[in-house]
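Here is the structure we will look at.
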Amino acid sequence: MNTQKVRDIIKQYKLHFKAINKEEIYKWRAVKCFQENWDIDADDFATMLDSSLHLAKNLLDAGNYFPKRMLLKNAEANPKFIRQLFVDLYKEENDLIERIIDFQDKIKNQNKKLFPGKNDYQDMRAVLVYLCLRFPDRYFLYKFSMFKEFAPLVDYPYKPSIGEIENVLQFLSLCDLVKAEIVMDNELLELHKTRITDREFYDSSFKILTQDIIYAAVRHFSKFEQGRTQTSALKRLIKVDKKISPKTDKVVLKGSFTNYIDNEKENKRIGDLGELLVLQHEQEKLKSLGIKKSPEHKSKSEGDGLGYDILSYDEGGQEIFIEVKTTSYSSDTPFFITRNELVCSMQDSNKFFLYRLYDFDDTDNKAKYFKRQGDLTELCNNSILYRAVLKE
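Counting with our numbering, you get residues -5 to 386 for the letters of the sequence shown.
So this is what it looks like as C-alpha cells:
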C-alpha cells in the first residue's frame, strides 16, 4: 500500500474539486432520503421502502442492472418476508459476510418462486448500498470495477476477482486506510462542507467522501497526476537479527486518562499497513524464489480469530503462518498477543512465525522487523485482561 499515492490523489481531488464536486452529489442526497423515510415497523412496508430508496436510483438501477426494481417487486408481493430480510441484514452484532450471503440467498429463492426466469440483481454492490444507506457511518459504497481499477493506483496488494466475497472485506479495509489520510486533511474537509446543503446528508464519518475520492481517482485518472513508484517491499522491509528477552511489568494501581478510541484507530491503521507490507514482501519473495504459489491475507479473507494474519510459504514451498505486529516506535515497544494467536503458535509451532515490525514509516511504507518461530508462551507473561463467561 502506497500512502504517498493516496495523499497525491487527495491533493489532486482538492485541485479539481470545483469541477467535479457535484458529479456524485446524489449519493449524499440518497442517504438523507433514506434516513428520513426508513421505518422498519411501517404498516405499509413496501411503500416505505419505495420512499426510502426514492433517490437511490443511480446507486441501484443502471443500464441492465435493476436491484431496486426487483427488490420493490418482491416487497410488494411479500412485504413480511422482505421486512425480515432487512431486520436480519441490519443486525450489526452478527457477522457481516454471513448477513450478506443470507440476504442474497433468501431473496434469490423467493424471487425464483415469484418471478421465474427473472434476475433478482441483489449482488454485493446492492447489499452494500442498503448497508451504507442505513449505516453511513459504518460502511462504504462498493462497486467491483471501481475497486479493481483503484487498487493498483495505490499499490494495494490484492487483485479483486469478480464474484469473490473477499472483495468486500478487502475493499472496506482499503477504504479505511484511505479515510485515515482524508480525516487528517483539514483543507479537504472544509472544501467538502461547502457542497453540503440541507438537501444532503452530512457524513461526519467521511465514508461517502472516501468513496467519492476513490471514484474520482478512477473516473478522472487522466487528470490526476500519479504519485511516485515505491521500491520493492523486499527492500522496504528490513530484517534485523534480534534476540528477544521477555520482561515482566510490575502492576501499578494508578489511575490514568488515555484516549483509547483514537489510539485504537491509529493502532489499527498502522497494523493494517504493516500486514500489507508483509503481504507484499511475501508476494515478492515467492516470485523471486520461483515458487508458483501466492500468499493469502487470511485476516481479511476469513476474518480475525484464526490466530495468524497471512498464509505464506517458505523457501521449500511449505506452508507458514505469519502473525504481524506493527509499531511506529522502537523494537522494545510492548505488544498484545491474543488467546487464539497463542494457541495457534502452540498447535502449529513448526509453521508459526511472529513478524514484529517496528520503526514503521507510513510515508515511505517501510519498517525494520525481527521474527520469531514457534510457541509464544514465553512472551505471554503480562496478564492485562480476562473475559468472564457465566453459566445461566
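We put the CB at the ideal spot given by N, CA and C, even for glycine.
Checklist entry - In terms of alpha-carbon separation, which member of K173, D266, Y380, M(-5) lies closest to T321? => result D266
Item to check | G111 classed as buried or exposed, judged by whether at least 16 other C-beta atoms fall within 10 angstroms | outcome: exposed
Item to check | N- and C-terminal bounds of the alpha helix (DSSP H) containing T332 | outcome: It is not in any alpha helix (DSSP H) - T332 carries neither H nor E in the DSSP assignment.
Checklist entry - With which residues is H291 paired in a DSSP beta bridge? => result I304
Next on the checklist: Starting from Q367, trace the beta strand (DSSP E) in both directions and tell me its first and last residue.
Outcome noted: 360 to 367
Item to check | 6 Å CB neighbourhood of V318 in its chain, flanking five on each side removed | outcome: G268, E269, V272, D303, Y349
Checklist entry - F11 by DSSP, collapsed to three states: which one? => result helix
Checklist entry - Would L370 pass as a contact of I331 if the rule is Cβ separation under 7 Å? => result yes
Item to check | F144 to G249 span [Cα, whole Å] | outcome: 46 Å
Item to check | CA-to-CA distance, I285 to Q312, given in whole angstroms | outcome: 10 Å
Checklist entry - What's the gap between the Cα of G403 and the Cα of K362? => result Since the first residue shown for the chain is -5 and the last is 386, residue 403 is missing from the structure and cannot be characterised.
Next on the checklist: Just to confirm my understanding: we take S46, look at its own chain, exclude 5 residues before and 5 after, and list those with CB closer than 6 Å. What are they?
Outcome noted: F28, N31, W32
Next on the checklist: Within 10 Å of its beta-carbon, does H291 have 16 or more other beta-carbons around it, so buried, or fewer, so exposed?
Outcome noted: buried
Item to check | Buried versus exposed, by CB contacts within 10 Å (16 or more), V246 | outcome: exposed
Next on the checklist: At 4 residues or longer, what runs of the alpha helix (DSSP H) sit wholly inside the region 242 to 294?
Outcome noted: 254 to 283
Next on the checklist: Checking the sheet assignment: what are the DSSP bridge partners for Y20?
Outcome noted: Its beta-bridge partners do not exist; DSSP assigns none.
Next on the checklist: How far does the alpha helix (DSSP H) with E92 in it extend, from its first residue to its last?
Outcome noted: 90 to 108
Checklist entry - Tell me the DSSP bridge mates of T320? => result L351
Next on the checklist: Rounding to the nearest angstrom, what Cα-Cα distance links F346 and N375 in this structure?
Outcome noted: 19 Å
Next on the checklist: For K51 and L168, I'd like the C-alpha separation in whole angstroms.
Outcome noted: 26 Å
Checklist entry - Under the three-state reduction of DSSP, which class applies to E313: helix, strand or coil? => result strand
Item to check | Close-in-space but distant-in-sequence residues of the same chain around E212 (CB under 6 Å, 5 per side omitted) | outcome: The amino acid at residue 212 is misidentified as Glu; the sequence shows Val. Contacts found: M140, E143, F144.
Next on the checklist: Contact between the region 10 to 25 and the region 193 to 200 is defined here as three or more beta-carbon pairs at a separation below 8 Å; is this criterion met?
Outcome noted: yes
Checklist entry - Under the three-state reduction of DSSP, which class applies to L49: helix, strand or coil? => result coil
Next on the checklist: Between which residues of its own chain and I190 is the CB-CB distance below 8 Å, once the five residues before and five after are set aside?
Outcome noted: W22, Y196
Checklist entry - Do three or more CB pairs link the region 115 to 135 to the region 148 to 163 at distances below 8 Å? => result yes
Item to check | Range covered by the beta strand (DSSP E) that runs through K233 | outcome: 231 to 233
Item to check | Touching by the beta-carbon criterion (3+ pairs, under 8 Å), the region 168 to 188 and the region 2 to 12 | outcome: yes
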